[in-house]
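Residues 2 to 428 (my numbering) are what the sequence shown spells out, left to right.
Ideal placement from N, C-alpha and C gives every residue a C-beta, glycine not left out.
Below is one structure, written out as structure tokens; the observations come after it.
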Amino acid sequence: MYTTTVSARFGALALIHAVLMDKQMLGDTISREDGPLSNLAPADRARAQSLAALTLRHMSRLDVILDRFLEHKPPLRALNALRVCAAEIILDGIPAHGAVNAAVEIVRGSTKTKHLGGMVNAVGRKLGRLEVESLQDLPVPRLPKALRGAIVKAFGEVATVAIERAHLERPPFDLSLRDPSKAAEWAETLGADILPTGSLRLRKSVQISAMDGYEPGEWWVQDAAAAMPVRLFSDLKGKRVLDLCAAPGGKTMQLCAAGAKVTALDLSPERMHRVMENARRMGFKLQMEVANVMNWEPNAPFDAILLDVPCSATGTIRRHPDLPYVRPSLDLKPLLSLQKAMLSRAIGWLKPHGQMVYATCSLIPAEGERQIARLLEESDMREGTIDAAALGLDPDWKASQGALRLRPDYWSDLGGMDGFYMALLYK
Numbered sequence: 002m003y004t005t006t007v008s009a010r011f012g013a014l015a016l017i018h019a020v021l022m023d024k025q026m027l028g029d030t031i032s033r034e035d036g037p038l039s040n041l042a043p044a045d046r047a048r049a050q051s052l053a054a055l056t057l058r059h060m061s062r063l064d065v066i067l068d069r070f071l072e073h074k075p076p077l078r079a080l081n082a083l084r085v086c087a088a089e090i091i092l093d094g095i096p097a098h099g100a101v102n103a104a105v106e107i108v109r110g111s112t113k114t115k116h117l118g119g120m121v122n123a124v125g126r127k128l129g130r131l132e133v134e135s136l137q138d139l140p141v142p143r144l145p146k147a148l149r150g151a152i153v154k155a156f157g158e159v160a161t162v163a164i165e166r167a168h169l170e171r172p173p174f175d176l177s178l179r180d181p182s183k184a185a186e187w188a189e190t191l192g193a194d195i196l197p198t199g200s201l202r203l204r205k206s207v208q209i210s211a212m213d214g215y216e217p218g219e220w221w222v223q224d225a226a227a228a229m230p231v232r233l234f235s236d237l238k239g240k241r242v243l244d245l246c247a248a249p250g251g252k253t254m255q256l257c258a259a260g261a262k263v264t265a266l267d268l269s270p271e272r273m274h275r276v277m278e279n280a281r282r283m284g285f286k287l288q289m290e291v292a293n294v295m296n297w298e299p300n301a302p303f304d305a306i307l308l309d310v311p312c313s314a315t316g317t318i319r320r321h322p323d324l325p326y327v328r329p330s331l332d333l334k335p336l337l338s339l340q341k342a343m344l345s346r347a348i349g350w351l352k353p354h355g356q357m358v359y360a361t362c363s364l365i366p367a368e369g370e371r372q373i374a375r376l377l378e379e380s381d382m383r384e385g386t387i388d389a390a391a392l393g394l395d396p397d398w399k400a401s402q403g404a405l406r407l408r409p410d411y412w413s414d415l416g417g418m419d420g421f422y423m424a425l426l427y428k
């Protein structure tokens with residue numbers, strides 16, 4: 002059972018408003034020093050974030066439920082208060098009186114909506130008589146038209162519906178271990194399951210920083226799919242490796258744990274600060290560069306390069322349910338141009354016979370399969386063979402050129418995964 006203070010609910014409301022009205026991603030709003038969560042206690046901050054994500058994940062179906070009890074669509078503040086109230090009652094099992102009283106307090110806190118306190122109270126009481134089945138009986142929400150069309154074209158209608166269904170599930174926390182040989186030991190200690198790829202998946206939500214092994218740097222949080230690109234490399238011990246677009250740093254930690262001499266580069270000082278903090282906790286030493294890939298130059302070539310390109314991030318909607326509301330259209334031209342340019346520069350920094358992994362958390366083939374097909378036609382790079390089964394993955398999860406294509410509906414019985422495309426290349 003969750004405990005939610007009124008402060009956390011106000012915070013969730015502010016986050017939802019920033020997504021819907023200001024078109025700001027949750028992560029960007031949360032990370033602002035002057036953001037709506039900046040003065041909240043850590044527990045309230047975490048609850049506000051999870052409650053906002055839960056509400057956005059199920060918002061279209063929550064609206065169907067609310068429409069049954071609303072004669073007219075209320076102002077956005079009141080509507081969002083009811084959405085949060087409905088999410089808590091129906092999805093999280095919060096006692097109705099607490100959730101309803103908080104929603105009433107929220108609307109009465111504004112001169113523009115204080116007259117709606119009675120309506121919110123009445124609707125909230127009706128919500129209290131509903132159960133989660135009220136949502137499960139409703140159709141699966143569809144992705145925005147442009148995005149859905151691209152995914153249907155790539156994978157078909159059946160797969161697209163499965164992906165949309167996967168987006169409704171709260172994503173679990175996965176962990177990557179500093180020492181993978183200790184997987185069984187840490188799984189027992191942390192209450193986790195060992196996934197086929199070796200990542201650990203926590204069975205319940207917990208405060209990550211309070212868990213055993215966090216402070217000593219025995220593991221870090223990283224989705225199981227996001228952990229796969231680094232595993233495509235052969236032995237990296239003692240090799241000079243460049244990690245491009247490194248933040249938030251999960252793959253950087255993997256490279257360091259593999260014994261590589263890592264140079265991590267990212268454009269964002271704030272995001273690179275997180276990489277630095279993780280590296281310090283883990284006790285890893287590496288070179289960090291805050292720079293633009295398009296302007297930066299290394300002083301020597303690298304044995305291996307990981308290029309996790311900026312992309313539409315359409316494979317991470319289950320983790321970022323705000324994305325369809327912030328970016329409902331699918332304008333790929335700037336991204337495709339940037340990805341192509343980054344690939345071209347990265348190849349020039351690779352030693353002869355060096356290895357490179359190209360990765361993207363996009364579901365759109367133009368950002369994955371077609372970028373690599375074009376590269377192979379226009380350059381001397383060659384594609385390596387990926388043994389999916391040896392990595393703990395289904396051998397059928399291959400892309401057209403032999404790369405890996407992972408989707409959110411895969412591992413549905415285990416809790417799913419982020420969508421990814423990755424290719425292994427040699428110079």
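In this structure, Arg179 and Asp194 do not form a Cβ contact; the two beta carbons are roughly 19 Å apart against a cut-off of 8 Å. Judged by DSSP secondary structure, Ala54 falls within the alpha helix (DSSP H) whose first and last residues are 43-58. Under the 10 Å beta carbon count, Ala123 is surrounded by fewer than 16 other beta carbons and is classified as exposed. Annotated three-state conformation of Gln137 is helix, per DSSP. For Pro366, same chain residues with a beta-carbon under 6 Å away, outside a window of 5 residues either side, are Ala155 in chain order.
Taking each of Ala15, Ala228, Leu41 in turn and checking the Cα distance to Leu394, the smallest one comes out for Ala228.
For Tyr411, the three-state secondary structure derived from DSSP is coil.
Lys262 has Arg241 as its beta-bridge partners, per DSSP.
Collapsing the DSSP output to three states places Thr190 in a helix. The beta carbons of Ala147 and Val108 sit about 35 Å from each other, so the pair does not count as a contact at 8 Å. Annotation for Arg46: Leu38 place their beta carbon closer than 6 Å to its own, counting only its chain and skipping 5 residues before and after. DSSP, reduced to helix, strand and coil, places Leu16 within a helical segment of the structure shown. In the structure shown, the three-state DSSP call for Val222 is strand. For Tyr215, no beta strand (DSSP E) encloses it, and the DSSP letter there is neither H nor E.
C-alpha of Thr317 to C-alpha of Phe174: approximately 14 Å in a straight line. Taking 7 Å as the cut-off, the Cβ atoms of Ala167 and Arg58 do not count as close.
An exposed status is given to Gly284, since fewer than 16 other beta-carbon atoms sit within 10 Å of its beta-carbon. A distance of 7 Å or more separates the beta carbons of Phe421 and Ala247. Looking at the DSSP output, Arg406 sits in a beta bridge with Tyr422.
Close CB contacts of Ala9 within its chain, under the 6 Å cut and outside five residues either way in sequence, are with Asp45, Arg48, Ala49 (chain order).
Ile306 is bridged by DSSP to Leu243, Met357. The beta carbon of Arg282 sits closer than 6 Å to those of Gly218, all from its chain and outside the five residues before and after it, given in chain order. By alpha-carbon distance to Met254, the top candidate from Glu378, Met277, Leu268 is Met277. Relative to the Cα of Ser345, the nearest Cα in the group His321, Lys334, Tyr359 belongs to Tyr359. When the beta-carbon positions are compared, Ala347 and Ile387 stay at least 7 Å from each other. As DSSP reads the structure, Ile195 sits in a beta bridge with Leu201.
Taking C-alpha positions only, Ala280 is separated from Lys286 by approximately 7 Å. Here Arg275 has Ala248, Pro249, Gly250 as same chain residues with Cβ atoms under 7 Å from its own Cβ, once five neighbours each way along the sequence are excluded. Counting along the chain, Ser177 sits inside no alpha helix (DSSP H); it lies in the beta strand (DSSP E) bounded by residues 175-178. Membership of Val327 in the alpha helix (DSSP H) is indicated by the continuous run 324-327. In this chain, the alpha helix (DSSP H) harbouring Val124 covers 118-128. For Leu41, the closest alpha carbon among the candidates Asp29, Asp138, Leu71, Val7 is that of Val7. Assignment of Gln340 by DSSP, reduced to helix, strand and coil, places it in the helix class.
Of Gly28, Leu201, Trp221, Gly199, the smallest CA-CA separation from Ile209 is found for Trp221. Note that the segment 370-379 touches the segment 388-407; at least 3 beta-carbon pairs, one per stretch, sit closer than 8 Å. The beta-carbon distance between Thr264 and Glu290, rounded to whole angstroms, is 6 Å. This is short enough to meet the 8 Å contact definition.
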